[in-house]
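A.B. asks: In the numbering used here, the protein residues as written are 332 to 752.
This is the structure we're talking about:
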């Protein structure tokens, strides 16, 4: 089954907890703290693979979860790092969060971290100082990043075949490539995009057959415009028109309008206009149709006529197409050498914070203080004292006092943990 858009919940691994431990060995007096650090959580990594061609696997696997790190141990033993989760997706997959693109995987083997594992917590061996020789505090591991993403596939084909239903797109694809699309004499035979590889002029072209469009497709009629995204990356559009149509010029403009309504750039893409099914028609009729089109289409538009059944005009079509594709590929290399959109992440070291009072509870929020709170064991008085000390140094306690906090009032750090002032 072809699936080109899915929602997926992503969860990176949590960091392992640091531990409180003291060295107890024979003949070693006052061995001191030796609690080890927790291991970092595993990342969720997405990799593009040309062996994948659909997102169907994610219809039923709605959660992508990496392994968490292990807790530290005595003798300063570091916890094991969580195992990364490697997720394979088709080349051309775009990943977004809240409509913001965080990754665009356009080449085979390209990979990116979409969710970062949490940092392991420090063991008590980290907290010794001249005034604190036997710290009884250790950090909890930081939670891994978690959010809902949208995976959307935009095929990366060299050539996109467009046209009204029954224009001959599937027949052409089957004639020139290794693809075996369903072909029948009724509209909307092709319900999902089909791909085929064409070898011509010592090069390979990836050709996409886009399901038939009708007038009003951009407003949801017929199969709608949901598959037009698969030609957004194509180098050239081959616009097929059934020669038996009474008004081939009107037919051309119907599809051209749908392309423009979906994305104005598509209507400006290099394009070949191809009359199909010319077998059985007199040459004079075909020539008249070509002349009619050339008189109404933009200047320099190439108009060809073919028969997929007896291969008339196919060689010329492939030769012209391959030349345009080569030219467009070179243009793209000159314009942009970067293969992808970089991953966008919020800065976790933002030290800004805010205090507000709601229903007798003082609520503290802010990236940096929330990060510290997530790594604090609120049941451990020593860990809580450390958090309060951090808040004091950040000026948060001063603001709490300015807002009138009293001894015994509750302080809530986001939705993470609460303590009494």
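Quick reminder that beta carbons are idealized off the backbone N, C-alpha and C, glycines included.
By a C-beta neighbour count over all protein chains shown, 10 Å radius and 16 as the cutoff for buried, is residue 561 buried or exposed?
C.D. replies: buried
A.B. asks: Examine the Cβ distances between the segment 344 to 352 and the segment 380 to 393 and report whether three or more of them are shorter than 8 Å.
C.D. replies: Short answer: they don't touch.
A.B. asks: Exposed or buried, what is residue 513 when buried is set at 16 or more other beta-carbons lying within 10 Å of its beta-carbon?
C.D. replies: Here the model assigns residue 513 a pLDDT of 48, short of 50, so the residue's position is not dependable, and the following value carries that caveat. It counts as exposed.
A.B. asks: Find the nearest neighbour of residue 749 within the set 729, 701, 482 and 460, judged by alpha-carbon distance.
C.D. replies: 701
A.B. asks: Thinking just about the alpha-carbon of each residue, which of 364, 414 and 525 is nearest to the one in residue 460?
C.D. replies: The shortest Cα separation from residue 460 among 364, 414 and 525 belongs to 364.
A.B. asks: Using the C-alpha atoms, what's the distance from residue 645 back to residue 637?
C.D. replies: 6 Å
A.B. asks: Look up residue 670 in the DSSP assignment and say whether it is helix, strand or coil.
C.D. replies: In this prediction, residue 670 has a pLDDT of 45, which is less than 50 and means its spatial position is unreliable; nothing more can be read from the coordinates.
A.B. asks: For the alpha helix (DSSP H) that contains residue 703, what are its first and last residues?
C.D. replies: 698 to 705
A.B. asks: CB residue 401 to CB residue 370, shorter than 9 Å?
C.D. replies: yes
A.B. asks: Have a look at residue 538 and residue 399 and give me their C-alpha separation to the nearest angstrom.
C.D. replies: 43 Å
A.B. asks: Could you give the distance in angstroms between the alpha-carbon of residue 761 and the alpha-carbon of residue 610?
C.D. replies: The shown model of the chain, from 332 to 752, leaves out residue 761, and the question about it has no answer.
A.B. asks: Do you know offhand how far residue 378's Cα is from residue 558's?
C.D. replies: 23 Å
A.B. asks: Taking residue 495 as the reference, give the member of 428, 584, 506 and 714 with the closest Cα.
C.D. replies: Here the closest residue by C-alpha is 584.
A.B. asks: Residue 727: which of 738, 683 and 715 sits nearest, CA to CA?
C.D. replies: Residue 727 has its Cα closest to that of 683, out of 738, 683 and 715.
A.B. asks: When the Cα of residue 428 is compared with those of 338, 732, 659 and 715, which residue comes out closest?
C.D. replies: 338
A.B. asks: Express the C-alpha separation of residue 572 and residue 586 in angstroms, rounding to a whole number.
C.D. replies: 10 Å
A.B. asks: Just mark residue 704 as buried or exposed, buried being the case when its beta carbon has 16 or more other beta carbons within 10 Å.
C.D. replies: buried
A.B. asks: Cα separation between residue 709 and residue 687?
C.D. replies: One C-alpha to the other measures close to 21 Å.
A.B. asks: Between the beta-carbon of residue 334 and the beta-carbon of residue 484, is there less than 9 Å?
C.D. replies: yes
A.B. asks: Just to confirm the assignment, what range does the alpha helix (DSSP H) spanning residue 618 have?
C.D. replies: 614 to 627
A.B. asks: Using C-beta distances below 6 Å, list every residue in its chain close to residue 442, excluding the 5 sequence neighbours before and after it, in chain order.
C.D. replies: Excluding sequence neighbours, residue 442 sits near 376 and 378.
A.B. asks: Exposed or buried, what is residue 707 when buried is set at 16 or more other beta-carbons lying within 10 Å of its beta-carbon?
C.D. replies: buried
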